[in-house]
Structure formats: C-alpha cells, structure tokens
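**Student:**
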Amino acid sequence: MSAQNAVLVEISEAIAEASALGTEEGARAVAVLTESYDRMRSILAREDKGWVRLYDRGADSQFGLRLQDLKDWGRKLEESVPGAPWIGRGFRVRANFILKDGIQHGGIPAGGSQGVPDIQKYVDDPQNQENYFGPAARRKREHNLYTQGIAFWILDERTKKIEAIPLRQITSELMHPDGIGVVWAYLREWTHVNLETGESFPLKMWYFTDLAKDNRSLTVTSADKSEKIPVAQTHVIFAQHANPVGGLAYGTPDALAAWIWNGIARDAYMDGRSVTEALTRFALKATAKNKPAADNVAMQYATAHTAGGMAVVGGANDIQVLQGAQKGYEFNSLRPLLAVIATALDIPTTVLTSDTGDDSYASISSLDLPTRLAMQARRDEHIAFEKRVLAALGAPNATVSFVPFDTGEEVYRLVQAAILDYQQDTITRQQLADRIADIYGRPHANVPSEDQRPSVLLAKAMAKAAPKPAPAAGASSGNTSVASPAQGRSNGTGGQQGGNASNDIRRD
8 MSAQNAVLVE
18 ISEAIAEASA
28 LGTEEGARAV
38 AVLTESYDRM
48 RSILAREDKG
58 WVRLYDRGAD
68 SQFGLRLQDL
78 KDWGRKLEES
88 VPGAPWIGRG
98 FRVRANFILK
108 DGIQHGGIPA
118 GGSQGVPDIQ
128 KYVDDPQNQE
138 NYFGPAARRK
148 REHNLYTQGI
158 AFWILDERTK
168 KIEAIPLRQI
178 TSELMHPDGI
188 GVVWAYLREW
198 THVNLETGES
208 FPLKMWYFTD
218 LAKDNRSLTV
228 TSADKSEKIP
238 VAQTHVIFAQ
248 HANPVGGLAY
258 GTPDALAAWI
268 WNGIARDAYM
278 DGRSVTEALT
288 RFALKATAKN
298 KPAADNVAMQ
308 YATAHTAGGM
318 AVVGGANDIQ
328 VLQGAQKGYE
338 FNSLRPLLAV
348 IATALDIPTT
358 VLTSDTGDDS
368 YASISSLDLP
378 TRLAMQARRD
388 EHIAFEKRVL
398 AALGAPNATV
408 SFVPFDTGEE
418 VYRLVQAAIL
428 DYQQDTITRQ
438 QLADRIADIY
448 GRPHANVPSE
458 DQRPSVLLAK
468 AMAKAAPKPA
478 PAAGASSGNT
488 SVASPAQGRS
498 NGTGGQQGGN
508 ASNDIRRD
C-alpha cells in the first residue's frame, strides 16, 4: 500500500471513530476530518491526471496489463491511428524508421540438393510472405505492437506454413507453474465455417509457444474444471511483446502514454480555437457622439461591404480596429504538450508535427541519438524474434540484420578508417571484411580465396574474351590467306586508279 493510500485509510478510520462518539465534539471532528479527506483525494486526483494506472493488482501478480486490457486499449488506439493526426503520424514515423531498408537474412540453406534442405523456399512461400516475411506483414506487426502491445503467429511444423492470428481470438494463457511471469501456452477460440455446407461451429485449442513446446500435454483442463481443451501437437505459437517488463506476462503498447496526452493536447488546441473565434468575432469598434448617430453607424456596418471599402464617419465619430482581431491564439505555447506526445513515442517533436519551428535542417533531416537508440532497441527485438522463427523453419544458424541508420557521411568515414587500418597492416583482410560488413549491415562476410577475388576473376574474364593476335609473317598457320583485289592500287581504297575514287586530291 502506498503512503498516500495509508494516510487516506487512517483518516477514514478516524472519521469512523469520531462518528461513533455521537457527541458535539465528535461531530466537529468528523467535519474537520471529512474536509481533510476530500482535500487529500483532490490532491491525489490532480497528481494522477494524465497518467494510466497499470500495476495495481498486488506485488505478487504476474500481470501488469492483462489480455483483456490489451484488447480494450487496442480498440481505442486502433481507432486513433486513422483518426488522430499525432497518433497516426507517430505510428508511420516509427514504422518507417524501424523498417527502413527492410530486414536482411543470411545463412539460410537453399537449393535442396546434395542433402541440403531448401529452407529458403519456406521464406519465399507466398502465404508466409503475406503473413510474416513480406513488407506489408512487417508493417502490420509494427501496427499490432504500437496499438495492442502484442502480435501472434501460428506455425504448422509439418507444412512450415505461418498464419497470423488476431488478438481477439486469444482468450486465455497458461502461465509457467512457478509464477515467474512467463506464458507457456495461449488458448485460441474461433468460429470455423464449412464452405461446402455453410455451417459454422466454434473451436477451442491450446497452442504452446516455440520455447515451451517440450512441455506440451494432450489436453489442458479449463479454469472451472468443466472441460478438457485439446492441445495442438503439430503447431506452435509465436508471441512478440512490445515493451516487455521483467516478471510480468505482458508489456505495454507503444502508443499507450501518447494516447492519454493526445487527448489533453487536443483539448488545449480546441480551447485555443474557441479563443481565436471569440477574438475575431468583432473586428471593429465604432464610437458615436449620440444614440441616433450610433444607430446609424450600426445600420451601415451591419450591411455587407466588399473588401477594401471606404468608411465615412462624422467629425465626432470614430472607428478603431480591435487588437484581438489582429492576432489569434498563441498556439506555439502548446508545443510543450506535443513534446510530451513525441517523448512518449520516442520520436522528435519536429518529426511528429511536421512543424520545423526553430530547428535547423540538419536536426530535422536526421535522427538524433536518443531516437536512433530507441529505434535500434526495437530492431534488436525484431532480430532476436526473427531468429526464433527461422530456427523453427529449419535454419537455426541463419543471420538477421538491418541496414544501419548511419548517414552517407558516417559510412564513408567508417569505411575510410577501416581501409586505413588495413593499409597500415594493423588488421587482416578478413578483419577488414568483417568491419565493412558490419558498417553496411551485412555481418559474417567471408574473404574470397586468392584466385576468387573479384579483380582476379575480372582479369581472367577479360583475357578469355580478348581476340587472339595474328600469326607472325612467314609463320605456318595452316590457313591460306587471300590478298585483297585492290591491294597495291591507288584508288579510294588504296588502289592506283585515281579519279574521284583516289585519296590523292593534289592538282599539280
């Protein structure tokens, strides 16, 4: 129990004791304590404004957010992505940063000959591309992590087919028996439709994760002991969590805190809009010397006039432009609220709002270090998760990487430094290749053997394609050479006929 809650409990107990006295002094004490109690609750309510209480189920709970919490928040956040500009912009910016240049694979067996399994065909499978490996599937994954905090896939271990599962079909989880906040299996409930008969019927199935499949049983008894639900024996489920928390079953959606502050910022902007409308409702103030003159002025200016018209007033009358009509609400004063939203999403404020403000072009066109590190952290999670999926497909030694966020100038400097080290004989050719491969985001590169170096292969190819030299004079080549019919003649082609065909154009 927090210290604030303990104080409230003590005040409540004191109020109960004072009420039990039934005396006038006790009544005064009740009034004082009640006022203190209400004031304390008001202070705590102000402190909690803009915050979301997540972990209030006890210190021993394995849950922060539960499955139902993820579903409830997911519905709100999914509606906000297309409807709320800052939330939608935040998703697009994060997804574009994280998935920039795609995910690179290496070391996946291909070919399927000489005893080598063809694992690459599973990666290239159209269904697997649609559900997991393709660009659209990766963007959907980021969307789920952004709005729901979790994404699910089921793998058929026999056919190696991957199927994306919506969160709404996951209804329960089976936790590690030692209560360490690790999920062993998920219960899926869905409705299957028979395409031939058109009939539909509900299905239930437990799916163990790829990390806990060795603990699979035939059935799992429901919580109320009323039924035994079967366990899929040839399928495993993959669950990727956003912002995982140690010791808890689930993390939190990326946009959770931003959604709260998005509402606060929107209200502030709408208030500013109302103030602007109020300031511009009256543009001019007319002063008249008496009531008839005032009525006349009011009638004249109540009539519509074209822009740039002329006003005619009497000597004692006056027209002034109201100061409020010359400027609107200072919306720039609300930028700190947008900075809170951007902070919650780990992206720069200028990128979130598309408002350059006072920032330089360099700061807008590149990622700052904190943003780059935040995006790299999510990339590292994708890499670890992708390796699990590839291992389940049969490629446990596959490599996964992203192209680094480094700009062209940074890459140039890093490559130049690596080459200088090699020229100074401080690193080997293999070490040079490894460093350059890391710079370009292609790890585990191998240096080719001496006769397979690109320059050697190019020289061999050019030598093979070059024409053979003509045989020397007098040499026996085995071929009979035939002289040109015009050989030795002075004509246009070297003959001696002269005339217009001759190359000799002298007339002397």
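For the sequence shown, the working numbering assigns the number 8 to the initial residue and increments by one for each residue that follows.
C-beta: ideal position from N, C-alpha, C; glycine also.
None of these values were measured; they are calculated from a predicted model.
Taking buried to mean at least 16 other C-beta atoms within 10 Å of its own C-beta, is Met469 buried or exposed?
**Tutor:** Under this definition Met469 is an exposed residue.
**Student:** Among Ala398, Ala117, Asp353, which has the Cα closest to the Cα of Asp261?
**Tutor:** For Asp261, the nearest C-alpha among the options comes from Asp353.
**Student:** Starting from Arg195, trace the beta strand (DSSP E) in both directions and tell me its first and last residue.
**Tutor:** 190-200 is the extent of the beta strand (DSSP E) around Arg195.
**Student:** Within 10 Å of its beta-carbon, does Arg101 have 16 or more other beta-carbons around it, so buried, or fewer, so exposed?
**Tutor:** Flag for Arg101 reads buried.
**Student:** Where does Phe208 land, buried or exposed, given buried means 16+ other C-beta within 10 angstroms?
**Tutor:** Burial call: exposed.
**Student:** Note down the Cα distance separating Met277 from Asp79, rounded to an integer number of angstroms.
**Tutor:** Each residue's alpha carbon lies about 26 Å from the other.
**Student:** Pair every Cβ in the segment 431-442 with every Cβ in the segment 125-135, then say whether three or more of these pairs are closer than 8 Å.
**Tutor:** These segments do not touch.
**Student:** Using only the alpha-carbon positions, how far apart do Phe409 and Ala264 sit?
**Tutor:** Cα-Cα distance, rounded: 28 Å.
**Student:** Whose C-beta lies closer than 6 Å to the C-beta of Asn151 among residues of the same chain, with five residues either side of it excluded?
**Tutor:** Hits under 6 Å: Ala158.
**Student:** Quick one, which of Glu206, Pro173, Thr360 has its alpha-carbon nearest Arg96's?
**Tutor:** For the residues Glu206, Pro173, Thr360, the minimum Cα distance to Arg96 belongs to Thr360.
**Student:** Suppose only complete runs of 4+ residues qualify. What are the alpha helix (DSSP H) ranges in the segment 70-111, listed by chain order?
**Tutor:** Fully enclosed alpha helix (DSSP H) runs of 4 or longer: 74-90, 92-105.
**Student:** What are the boundary residues of the alpha helix (DSSP H) that Ala272 is part of?
**Tutor:** Where Ala272 is concerned, the enclosing alpha helix (DSSP H) stretches over 263-286.
**Student:** Give the C-beta separation of Thr172 and Ile161 to the nearest angstrom, bearing in mind that I take them to be a contact with Cβ-Cβ under 8 Å.
**Tutor:** In the sequence on display, residue 172 carries Ile and not Thr. Right, their Cβ atoms sit about 6 Å apart.
**Student:** Under 6 Å Cβ to Cβ from Thr356, same chain only, skipping five residues before and after it: list those, please.
**Tutor:** Cβ within range, chain order: Leu345, Ala346, Ala349.
**Student:** May I ask you to verify whether the segment 162-171 touches the segment 394-403, counting CB pairs closer than 8 Å and requiring at least 3?
**Tutor:** Verdict: yes, contact present.
**Student:** Apart from the five residues on each side of it in sequence, which residues of its chain come closer than 6 Å, Cβ to Cβ, to Ala256?
**Tutor:** Once the five neighbours on either side are set aside, the close Cβ partners of Ala256 are Gln69, Phe70, Gly188, Val190.
**Student:** Would you decide whether His248 is buried or exposed? Buried here means 16 or more other CB atoms lie within 10 Å of its CB.
**Tutor:** His248 is buried by the Cβ-count criterion.
**Student:** Just to confirm, are Gly114 and Thr406 a CB contact at a threshold of 7 Å?
**Tutor:** For Gly114 and Thr406, yes; Cβs fall inside 7 Å.
**Student:** Tell me the DSSP secondary structure of Ala38 in three-state form.
**Tutor:** Looking at Ala38 - three-state DSSP - the assignment turns out to be helix.
**Student:** Measuring alpha carbon to alpha carbon, tell me which residue in Pro92, Asp76, Leu465, Glu32 is nearest Arg268.
**Tutor:** The residue asked about is misnamed: residue 268 is Trp in this sequence, not Arg. Trp268 has its Cα closest to that of Pro92, out of Pro92, Asp76, Leu465, Glu32.
**Student:** Please confirm whether Met212 and Ala230 have their CB atoms less than 7 Å apart.
**Tutor:** Cβ atoms of Met212 and Ala230: not closer than 7 Å.
**Student:** Give the straight-line distance between the Cα atoms of Lys232 and Asp221, rounded to the nearest whole angstrom.
**Tutor:** Cα to Cα, Lys232 sits roughly 24 Å from Asp221.
**Student:** On the premise that Thr154 lies in contact with Val88, defined as a C-beta separation below 8 Å, what is that separation, rounded to the nearest angstrom?
**Tutor:** Yes, Val88 and Thr154 are in contact; Cβ-Cβ is about 7 Å, under 8 Å.
**Student:** What residue range is occupied by the uninterrupted alpha helix (DSSP H) comprising Asp163?
**Tutor:** No alpha helix (DSSP H) holds Asp163; the beta strand (DSSP E) holding it covers 157-163.
**Student:** Pick helix, strand or coil for Val130, following the three-state DSSP scheme.
**Tutor:** DSSP places Val130 in helix when its eight states are reduced to three.
**Student:** Identify which residue in Pro142, Gln75, Asp125, Leu210 has its Cα closest to the Cα of Thr6.
**Tutor:** Since the first and last residues shown for the chain are 8 and 515, residue 6 lies out of range.
**Student:** Using the DSSP secondary-structure output, state which residues sit across from Ser408 in a beta bridge.
**Tutor:** DSSP lists Gln111 as partners of Ser408.
**Student:** From the DSSP secondary-structure annotation, give me the bridge partner or partners of Ala171.
**Tutor:** According to DSSP, which records beta bridges pairwise, Ala171 is partnered with Trp160.
**Student:** What did DSSP end up calling Ser462 once you bin it into helix, strand or coil?
**Tutor:** The answer is helix: DSSP assigns Ser462 an H, G or I state.
**Student:** For Ser484, count neighbouring Cβ atoms within 10 angstroms of its own Cβ and tell me buried if that reaches 16, exposed if not.
**Tutor:** Caution is warranted here: a pLDDT of 49 is assigned to Ser484, below 50, making its placement in the model unreliable, and no coordinate value can be reported.
**Student:** Along the alpha helix (DSSP H) that carries Ile443, what are the first and last residues, could you check?
**Tutor:** First-last of the alpha helix (DSSP H) with Ile443: 436-446.
**Student:** Cutting at 8 Å between CB atoms, please list the residues of its own chain near Ile138, excluding the five before and the five after it.
**Tutor:** Before going on, a small fix: residue 138 reads as Asn here, not Ile. Cβ within range, chain order: Ala144, Trp160, Ile169, Glu170, Ala171.
**Student:** Cβ of Leu225 within 7 Å of Cβ of Gly156?
**Tutor:** No; because the gap between Cβ atoms is not below 7 Å, this pair is not in contact.
**Student:** Considering only the beta carbon of each residue, do Arg338 and Gly270 sit closer than 7 Å?
**Tutor:** Checking the sequence shown, residue 338 turns out to be Phe, not Arg. No. Outside cutoff.
**Student:** The alpha helix (DSSP H) spanning Glu388 covers which residue range?
**Tutor:** Element bounds for Glu388: 376-400.
**Student:** Just the C-alpha distance for Gly186 and Tyr214, rounded to the nearest angstrom, thanks.
**Tutor:** C-alpha separation (whole angstroms): 19 Å.
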